[in-house]
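Number of protein chains: 2
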Amino acid sequence: MLYDMYNNIDQCKKEAAQWYFYLRDFICQQFELIERDFGNGKKFQRKLWNRDGGGGGEMSIMHGDVFEKVGVNISTVFGEFSEKFAKEIPGTEINKVFWACGVSVVAHMNSPFIPAIHMNTRFIATEKCWFGGGIDLTPTFRDNDEERFFHTQLEEVCNKSDLNYYKEFKKACDEYFFLAHRNESRGIGGIFYDYLNSGDWEKDFEFNQNVGISMPNIFTKIVESKINKLWADDDKEAQLIKRGRYVEFNLLYDRGTRFGLMTNGNTESILMSMPPHAIW
Amino acid sequence: MLYDMYNNIDQCKKEAAQWYFYLRDFICQQFELIERDFGNGKKFQRKLWNRDGGGGGEMSIMHGDVFEKVGVNISTVFGEFSEKFAKEIPGTEINKVFWACGVSVVAHMNSPFIPAIHMNTRFIATEKCWFGGGIDLTPTFRDNDEERFFHTQLEEVCNKSDLNYYKEFKKACDEYFFLAHRNESRGIGGIFYDYLNSGDWEKDFEFNQNVGISMPNIFTKIVESKINKLWADDDKEAQLIKRGRYVEFNLLYDRGTRFGLMTNGNTESILMSMPPHAIW
Numbered sequence: 003m004l005y006d007m008y009n010n011i012d013q014c015k016k017e018a019a020q021w022y023f024y025l026r027d028f029i030c031q032q033f034e035l036i037e038r039d040f041g042n043g044k045k046f047q048r049k050l051w052n053r054d055g056g057g058g059g060e061m062s063i064m065h066g067d068v069f070e071k072v073g074v075n076i077s078t079v080f081g082e083f084s085e086k087f088a089k090e091i092p093g094t095e096i097n098k099v100f101w102a103c104g105v106s107v108v109a110h111m112n113s114p115f116i117p118a119i120h121m122n123t124r125f126i127a128t129e130k131c132w133f134g135g136g137i138d139l140t141p142t143f144r145d146n147d148e149e150r151f152f153h154t155q156l157e158e159v160c161n162k163s164d165l166n167y168y169k170e171f172k173k174a175c176d177e178y179f180f181l182a183h184r185n186e187s188r189g190i191g192g193i194f195y196d197y198l199n200s201g202d203w204e205k206d207f208e209f210n211q212n213v214g215i216s217m218p219n220i221f222t223k224i225v226e227s228k229i230n231k232l233w234a235d236d237d238k239e240a241q242l243i244k245r246g247r248y249v250e251f252n253l254l255y256d257r258g259t260r261f262g263l264m265t266n267g268n269t270e271s272i273l274m275s276m277p278p279h280a281i282w
Numbered sequence: 003m004l005y006d007m008y009n010n011i012d013q014c015k016k017e018a019a020q021w022y023f024y025l026r027d028f029i030c031q032q033f034e035l036i037e038r039d040f041g042n043g044k045k046f047q048r049k050l051w052n053r054d055g056g057g058g059g060e061m062s063i064m065h066g067d068v069f070e071k072v073g074v075n076i077s078t079v080f081g082e083f084s085e086k087f088a089k090e091i092p093g094t095e096i097n098k099v100f101w102a103c104g105v106s107v108v109a110h111m112n113s114p115f116i117p118a119i120h121m122n123t124r125f126i127a128t129e130k131c132w133f134g135g136g137i138d139l140t141p142t143f144r145d146n147d148e149e150r151f152f153h154t155q156l157e158e159v160c161n162k163s164d165l166n167y168y169k170e171f172k173k174a175c176d177e178y179f180f181l182a183h184r185n186e187s188r189g190i191g192g193i194f195y196d197y198l199n200s201g202d203w204e205k206d207f208e209f210n211q212n213v214g215i216s217m218p219n220i221f222t223k224i225v226e227s228k229i230n231k232l233w234a235d236d237d238k239e240a241q242l243i244k245r246g247r248y249v250e251f252n253l254l255y256d257r258g259t260r261f262g263l264m265t266n267g268n269t270e271s272i273l274m275s276m277p278p279h280a281i282w
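One line per chain: the protein sequences are Y and R, in this order.
Note that this note's numbering has the first sequence beginning at 3, numbered continuously upward.
Note that this note's numbering has the second sequence beginning at 3, numbered continuously upward.
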């Protein structure tokens with residue numbers, strides 16, 4: 003068996019953490035370019051936070067003209083899982099120590115014709131280690147061309163790494179972002195993956211990088227295609243109702259949100275995903 | 003031992019159900035009087051719903067000038083609990099059959115100076131039977147006089163029935179309406195009780211009736227004291243932020259909301275408690 007970087011976990015952590023800082027900066031830059039070109043040039047504000055028990059992170063938040071509210075979170079956290087939570091996580095049978103870093107992005111747009119987008123990518127190490135993440139889109143009004151473009155772009159990202167990924171990760175996404183109590187999907191899906199460790203660090207890391215980089219590129223195209231479309235009050239109202247569903251999903255179902263809030267995470271950064279404004 | 007009506011459970015159910023219809027109508031009337039006197043005379047709209055498995059209910063909803071959104075739900079439901087849920091409910095060891103009726107009210111007010119109010123009273127029968135309920139207030143801006151008035155009124159309601167009730171039910175309310183992830187209370191509390199069966203039907207039923215009737219009376223006084231107070235945009239903004247916390251509580255913690263949504267309840271009536279409009 004050839005040597006694989008997964009055998010040098012310290013190096014994996016280092017490369018992953020460095021990458022996430024790069025990705026965070028890249029996403030913020032791309033989104034600021036959108037504000038520069040189509041808005042009034044608003045910028046992200048940053049705020050550091052520390053985690054009791056080890057590590058911390060930084061929130062970047064922008065209230066712009068195109069982005070009504072967008073948050074880009076980076077975090078590197080470590081410590082020991084509780085007995086109870088450890089049972090849900092692989093690689094904690096002997097040792098409950100964990101290390102995790104990642105970036106998550108949620109953008110709620112001013113125009114009701116531009117979908118909300120969500121992206122998360124992370125690298126987690128216990129006695130095992132793996133990547134997880136995904137990208138999904140939540141339009142208020144469905145648009146066949148936009149959906150085809152979005153899904154095709156994600157399929158291309160997946161196919162660069164593995165021809166089996168797209169189908170599997172798209173299905174997982176549809177299953178995850180579903181509001182059972184309303185029998186409706188949160189949005190139009192995208193891709194969602196977890197516990198990704200093929201045994202080939204280069205392959206997995208590259209896939210994760212491609213997912214991260216693709217998001218602002220894909221989203222910039224979507225914004226450009228809709229930015230000049232005018233809307234009426236009832237379009238905005240429909241968007242605010244859709245955002246109520248977004249709140250319902252995040253607080254009732256989202257594993258990360260509920261886990262974070264129930265385990266003394268940083269409330270402000272966890273709830274950065276909440277829309278700026280919602281109605282019921 | 004004297005005969006007590008609790009020994010005639012069918013009669014208890016009948017009297018409780020009749021009472022809840024009366025209470026629902028009384029509350030709607032009182033709230034419509036507030037809209038007549040201080041608003042533009044809006045009225046409640048009603049909508050019936052059926053429950054798969056047995057029973058159903060009726061929502062009454064009003065979008066007025068004083069009441070930005072108020073819902074008054076009545077329901078009478080029956081059937082059999084799931085194996086899993088039955089474990090959490092008294093009197094289901096032998097038989098998982100249940101019967102429940104009740105009224106719940108949530109009012110979100112247009113003025114940021116008038117608190118949101120919530121009231122619920124219910125009668126539940128399995129092999130055991132009991133009353134539950136409570137009233138609590140969620141102001142955006144705290145007001146000592148208002149708080150003293152509110153708590154004193156509830157204390158009087160409790161003291162009519164039992165001098166031990168107020169202290170116990172106030173404490174239970176403070177413990178229940180608490181957002182652990184923000185280390186803050188939802189509002190200023192009130193009273194909260196469950197599994198109330200003293201062995202004396204007349205006493206328990208009367209207490210429950212007094213709680214129900216007191217709410218619109220107390221709330222009308224609170225509305226009157228604040229209705230002429232003018233507010234600025236930042237007062238309204240503070241209210242919308244407070245409402246975000248209300249959403250967080252209901253979706254993350256509220257037992258009734260989560261239970262209802264997770265067990266195929268009527269989503270529209272369960273989420274009637276959501277504010278009309280919230281920001282984060």
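All C-beta atoms, glycine included, are put in the ideal place defined by N, C-alpha and C.
Does the region 271-281 of chain Y come within contact of the region 242-261 of chain Y, defined as at least 3 CB pairs closer than 8 Å? yes
For Y/Phe51, list the residues DSSP reports as bridge partners. Note on identity: in this sequence residue 51 of chain Y is Trp, with Phe being the wrong assignment. According to DSSP, which records beta bridges pairwise, Y/Trp51 is partnered with Y/Gly59.
Within 7 Å (strictly less), CB to CB, does R/Ile96 reach chain Y? no
Kindly give me the distance between the Cβ atoms of Y/Asp67 and Y/Asn97, rounded to whole angstroms, as I take these residues to be in contact under 8 Å. Incorrect: roughly 49 Å between the Cβ atoms, too far for contact.
Can you give me the C-alpha to C-alpha distance between Y/Val151 and R/Ile63, rounded to a whole angstrom? The sequence shown places Phe at residue 151 of chain Y, rather than the Val named in the question. Distance between the alpha carbons of Y/Phe151 and R/Ile63: 42 Å.
Below-7 Å beta-carbon distance, Y/Met1 vs any chain R residue: This structure leaves residue 1 of chain Y out entirely; chain Y is present only between 3 and 282.
Mind checking R/Thr154: buried by the 16 CB within 10 Å criterion, or exposed? exposed
When you compare each of Y/Lys130, Y/Glu60, Y/Asn252 to Y/Ala88 by their alpha carbons, which one comes out closest? Y/Lys130
Could you please give me the residues that DSSP links to Y/Thr78 through a beta bridge? Y/Gly58, Y/Cys103
Can you look up R/Ala127 in the DSSP assignment and give me helix, strand or coil? In the structure shown, R/Ala127 adopts extended strand secondary structure according to DSSP, grouped into three states.
Beta-carbon of R/Ile281 versus every beta-carbon of chain Y: anything under 7 Å? yes
Measure the C-alpha to C-alpha separation of R/Lys223 and R/Ile190 and round it to an integer number of angstroms. 17 Å
Is the Cβ-Cβ distance between R/Trp101 and R/Asn268 less than 7 Å? no
Below 8 Å, how does it come out for the region 9-23 of chain Y and the region 127-147 of chain Y: are there three or more Cβ pairs, yes or no? yes
With burial defined as no fewer than 16 other Cβ atoms inside 10 Å of the residue's Cβ, what is the status of Y/Arg26: buried or exposed? buried
Top-ranked residue by Cα proximity to R/Leu156, from R/Asn146, R/Phe143, R/Asp138: For R/Leu156, the nearest C-alpha among the options comes from R/Asp138.
R/Lys71 bridges to which residues according to DSSP? R/His110
Check each residue of the region 52-68 of chain Y: if its Cβ is closer than 7 Å to any Cβ of chain R, include it; give the result in chain order. Close to chain R, meaning a Cβ-Cβ distance shorter than 7 Å, is no residue of the region 52-68 of chain Y at all.
Measure the beta-carbon distance from Y/Gly246 to Y/Ile281 and round it to whole angstroms, keeping in mind my assumption that it falls under 8 Å. Right, the Cβ-Cβ distance comes to about 6 Å (below 8 Å), so this counts as a contact.
Which residues of chain R have a Cβ atom closer than 7 Å to the Cβ of Y/Thr269, listed in chain order? His183, Arg184
Y/Gly74 to R/Ala118, Cα distance in whole Å? The sequence shown places Val at residue 74 of chain Y, rather than the Gly named in the question. Taking the straight line joining both Cα atoms gives about 33 Å.
Curious, which full-length beta strand (DSSP E) runs of at least 3 residues does the region 149-209 of chain Y contain? Runs of the beta strand (DSSP E) lying entirely within the region 149-209 of chain Y, each at least 3 residues long, are 191-198 in chain order.
Can you tell me which of Y/Lys205, Y/Gly201, Y/Tyr178, Y/Glu204 puts its alpha carbon nearest to the alpha carbon of Y/Tyr195? Y/Tyr178
Where does R/Leu25 sit, in a helix, a strand or coil, going by DSSP? helix
Does chain Y have any CB closer than 7 Å to the CB of R/Leu165? no
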